[in-house]
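Q:
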Amino acid sequence: MVSLRIFFIGGLMSYRAMFGWMNPWIFVPALLVSPICQILLFAFIGRSAGVGDDEFYVIGNALNYAAIPCLFAMASTIAGERFSQTLGLVIATPARRVPLFLGRALPVIANGWGVAMFGVVVGSLLLDTDIPTSAWPLIALVVAVGSLSSTGLGLVMGAINLVYREGATLGNVLFLVLLIFTGTNVALDDLPGWMAAVGRCLPLTHAIEATRMLGDGATWGAVRGLVATELLIGLAYVVVGLSSIRVLERLSRSGATLDRI
Amino acid sequence: MIRLRQLAVCYWLQLKILLFSPFEGFLAVVFPLMFATAAMLVYEVGGDPEAILYAAIGAAAMGIWTSQTVSASTLVQRERWAGTLELVVAAPTRFSLVLLPITFAMATIGLYSVVATILWNWWLFDVRLQVENWPLFVLSILMATVTIALFGFLLSVTAVRYRTSWALGAALEYPGWLLCGFVVPLDLLPAAVLPLSWILAPTWAVEGMRASAAGESPWLDLAICGLVGLGYAALAAYLGVRLIDSARRDATLALT
Numbered sequence: 000m001v002s003l004r005i006f007f008i009g010g011l012m013s014y015r016a017m018f019g020w021m022n023p024w025i026f027v028p029a030l031l032v033s034p035i036c037q038i039l040l041f042a043f044i045g046r047s048a049g050v051g052d053d054e055f056y057v058i059g060n061a062l063n064y065a066a067i068p069c070l071f072a073m074a075s076t077i078a079g080e081r082f083s084q085t086l087g088l089v090i091a092t093p094a095r096r097v098p099l100f101l102g103r104a105l106p107v108i109a110n111g112w113g114v115a116m117f118g119v120v121v122g123s124l125l126l127d128t129d130i131p132t133s134a135w136p137l138i139a140l141v142v143a144v145g146s147l148s149s150t151g152l153g154l155v156m157g158a159i160n161l162v163y164r165e166g167a168t169l170g171n172v173l174f175l176v177l178l179i180f181t182g183t184n185v186a187l188d189d190l191p192g193w194m195a196a197v198g199r200c201l202p203l204t205h206a207i208e209a210t211r212m213l214g215d216g217a218t219w220g221a222v223r224g225l226v227a228t229e230l231l232i233g234l235a236y237v238v239v240g241l242s243s244i245r246v247l248e249r250l251s252r253s254g255a256t257l258d259r260i
Numbered sequence: 000m001i002r003l004r005q006l007a008v009c010y011w012l013q014l015k016i017l018l019f020s021p022f023e024g025f026l027a028v029v030f031p032l033m034f035a036t037a038a039m040l041v042y043e044v045g046g047d048p049e050a051i052l053y054a055a056i057g058a059a060a061m062g063i064w065t066s067q068t069v070s071a072s073t074l075v076q077r078e079r080w081a082g083t084l085e086l087v088v089a090a091p092t093r094f095s096l097v098l099l100p101i102t103f104a105m106a107t108i109g110l111y112s113v114v115a116t117i118l119w120n121w122w123l124f125d126v127r128l129q130v131e132n133w134p135l136f137v138l139s140i141l142m143a144t145v146t147i148a149l150f151g152f153l154l155s156v157t158a159v160r161y162r163t164s165w166a167l168g169a170a171l172e173y174p175g176w177l178l179c180g181f182v183v184p185l186d187l188l189p190a191a192v193l194p195l196s197w198i199l200a201p202t203w204a205v206e207g208m209r210a211s212a213a214g215e216s217p218w219l220d221l222a223i224c225g226l227v228g229l230g231y232a233a234l235a236a237y238l239g240v241r242l243i244d245s246a247r248r249d250a251t252l253a254l255t
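Protein chains in written order, with numbering that gives the first Met the number 0: chain C, 0 to 260; chain R, 0 to 255.
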């Protein structure tokens, strides 16, 4: 019961307190305007290069942008606590780590899903793409799985933030890795083999591929395998993230680096 | 003489601060470099050598824009967080003359990014810039650097009362890359947004870079670029005084 309370109530409180982007002056430009602009940028690059159609770039970039709130929000749960001088209290608490940190991840997944869906819907309207109406419920589901796996990577990043203080820089670097390697703007088949291989181990790659297939009219049966792979990758990152938190928490305590800003 | 010293010291001090900052130094170079890489990868799939060269020329200058948008929009905010904003405003040196060399220090990071992107594209995509007139090409890049610095100056002044200005700066990054025609020909953009492109000085600098590379005259483009840049400086100087006065009057200068 206590774990459930920590999971839901603690997660929500942490999100409201630590996710600085809740401010509309930040949320609107950073999480609503920017993804649309990224979609438009690459859609026009695609038109100029004569590669892919608008739908390809709308889906790729909308899902890619979900990584921004997922990565940064999870990092904020550590960096924000440190900045508020409360990280030591969180670490010293007897609460179980799994509900403590997974609870913080839940609102982040919902946020990432919202940002990506906003990108897909508005991008589709602006560029007049032709996504079948029947595909939208499944697209919403696949985007949720993509957000979960991105949040898994965010959890790893949050763990690293226990010992590394440049969270914003690290988050941006990871976002760039996802931009290049996950087939956001260039299909995996067109990337060099080693890049495609790296991409297949990253979050979002399979979700982007599955969403594109759904946008082209594929059935659930055709994308089921991709969605399952995406989910497995996401869960693997969650496990690595939680394990890393345990290890790096011990390191930061022994090195007395917990509250160093 | 004192004024020159102040400008030089301020520029050098801020450049050192930026170079040591992973976010404003390292990332200001890597972020546009990776977006340029993504754009080049798309053009590579297209396989048209002319289009690849076209993109490579514009992609080189993307970093100058990035170096200003995020950093310049948070310039005043950083002083505010550091607790030095009141000191800077109260100093006998005009506030605009403090901001100007800082934005030029940021533009220097952008200039470094130009070189890095040209070398990166050469190494990764085997794209060698074919430039007919190198002196004018370099002049166009410098014009882009100076006018984008002046845009950053305007941005930093106008964002003085906007406490979450970093979000505004980050949101300007992609539209600038698109509207200035760094990697997309302006002909492809809807006619309704072209006036926005025309009032952005980098649009003309990038046109100048392309004209120099093709062996055509860039002078008209560079002249318009310079005029637009001077417009930014004049507007920033005008707004700087009024916005700072207003912030002092309302006692909001130090509010984080």
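Each residue gets a CB set at the ideal place from its N, CA and C atoms; glycine is no exception.
Would F174 (chain C) and V197 (chain C) qualify as a contact pair, given that the criterion is a beta-carbon distance under 8 Å?
A: Not in contact: F174 (chain C) and V197 (chain C) (Cβ atoms no closer than 8 Å).
Q: Decide if the stretch 44–61 of chain C is in contact with the stretch 39–46 of chain R; the criterion is three or more beta carbon pairs, one per stretch, under 8 Å apart.
A: Verdict: yes, contact present.
Q: Nearer than 7 Å: is that true of the beta carbon of I90 (chain C) relative to any heavy atom of the ligand MN?
A: This structure lacks the ligand MN; in fact it carries no ligand of any kind.
Q: Identify whether C179 (chain R) lies in helix, strand or coil by the three-state DSSP scheme.
A: DSSP places C179 (chain R) in coil when its eight states are reduced to three.
Q: Under 8 Å, Cβ to Cβ, is there at least one residue of chain R near L178 (chain C)?
A: Judged by the 8 Å Cβ criterion, L178 (chain C) is in contact with chain R.
Q: Nearest CA to the CA of L187 (chain R): which residue from C:F41, C:N22, C:G9?
A: Of the listed residues, the one whose Cα sits closest to L187 (chain R) is C:F41.
Q: Can you list the residues of chain R that N171 (chain C) reaches, using a CB-CB cut of under 7 Å?
A: L26, F30, listed in chain order.
Q: Could I get the ranges of all uninterrupted alpha helix (DSSP H) runs contained in the stretch 178–227 of chain R, with 4 residues as the minimum, in chain order?
A: Correct list: 193–197, 200–213.
Q: Which residues of chain R have a Cβ atom closer than 8 Å to the Cβ of Q37 (chain C), listed in chain order?
A: In chain order: Y173.
Q: Nearest to V172 (chain C) by CA position, among C:L152, C:D188, C:A104, is which residue?
A: That would be C:L152, whose Cα lies nearest to the Cα of V172 (chain C).
Q: Within its chain, find whatever has a CB closer than 8 Å to the CB of R252 (chain C); leave out the 5 residues flanking it on each side and keep chain order.
A: Excluding residues within five positions, the ones whose Cβ falls inside 8 Å are I90.
Q: Of all the CB atoms in chain R, is at least one closer than 8 Å to the CB of F82 (chain C)?
A: No, F82 (chain C) does not count as interfacial toward chain R.
Q: Assuming the contact rule is C-beta atoms closer than 8 Å, T144 (chain R) and A106 (chain R) should be a hit. Round their C-beta distance to whole Å, please.
A: The pair is a contact, with the Cβ atoms about 5 Å apart (cut-off 8 Å).
Q: Identify which residue in R:P31, R:I108, R:W80, R:F94 has its Cα closest to the Cα of L18 (chain R).
A: If we check each option's Cα against that of L18 (chain R), R:I108 comes out closest.
Q: Just checking: is the beta-carbon of V32 (chain C) within a distance shorter than 8 Å of some beta-carbon in chain R?
A: Yes, contact with chain R.
Q: On the three-pair Cβ rule with 8 Å, is the stretch 126–137 of chain C touching the stretch 198–206 of chain C?
A: No, because fewer than three Cβ pairs between the stretch 126–137 of chain C and the stretch 198–206 of chain C fall closer than 8 Å, the two stretches do not touch.
Q: Whose C-beta lies closer than 7 Å to the C-beta of P106 (chain C) among residues of the same chain, with five residues either side of it excluded?
A: Closer than 7 Å at the Cβ level, and outside the excluded window around P106 (chain C), lie G10, L11, Y14.
Q: For the alpha helix (DSSP H) holding S70 (chain R), just list the boundary residues, first then last.
A: Unbroken alpha helix (DSSP H) run through S70 (chain R): 61–72.
Q: Around the Cβ of E49 (chain R), are there at least 16 other Cβ atoms within 10 angstroms (buried) or fewer (exposed)?
A: Exposed.
Q: Compare the Cα-Cα distances from N60 (chain C) to each of C:G145, C:F71, C:L137, C:T228 and report the closest residue.
A: For the residues C:G145, C:F71, C:L137, C:T228, the minimum Cα distance to N60 (chain C) belongs to C:G145.
Q: Roughly how far, in whole angstroms, is the beta-carbon of P98 (chain C) from the beta-carbon of S2 (chain C), given that I think they are within contact range, below 8 Å?
A: At roughly 4 Å, the Cβ-Cβ gap stays under 8 Å, so P98 (chain C) and S2 (chain C) are in contact.
Q: Can you check whether the C-beta of V44 (chain R) is within less than 8 Å of a C-beta belonging to chain C?
A: Taking Cβ atoms only, chain C reaches closer than 8 Å to V44 (chain R), which makes this a yes.
Q: Along the chain, where does the alpha helix (DSSP H) containing M39 (chain R) start, and where does it finish?
A: 26–45 is the span of the alpha helix (DSSP H), which, as asked, contains M39 (chain R).
Q: Would you report the Cα separation of A235 (chain C) and G113 (chain C), rounded to the nearest angstrom?
A: C-alpha separation (whole angstroms): 23 Å.
Q: Can we say the stretch 51–58 of chain C touches the stretch 118–125 of chain C, given the rule of at least three CB pairs closer than 8 Å?
A: Touching, yes.
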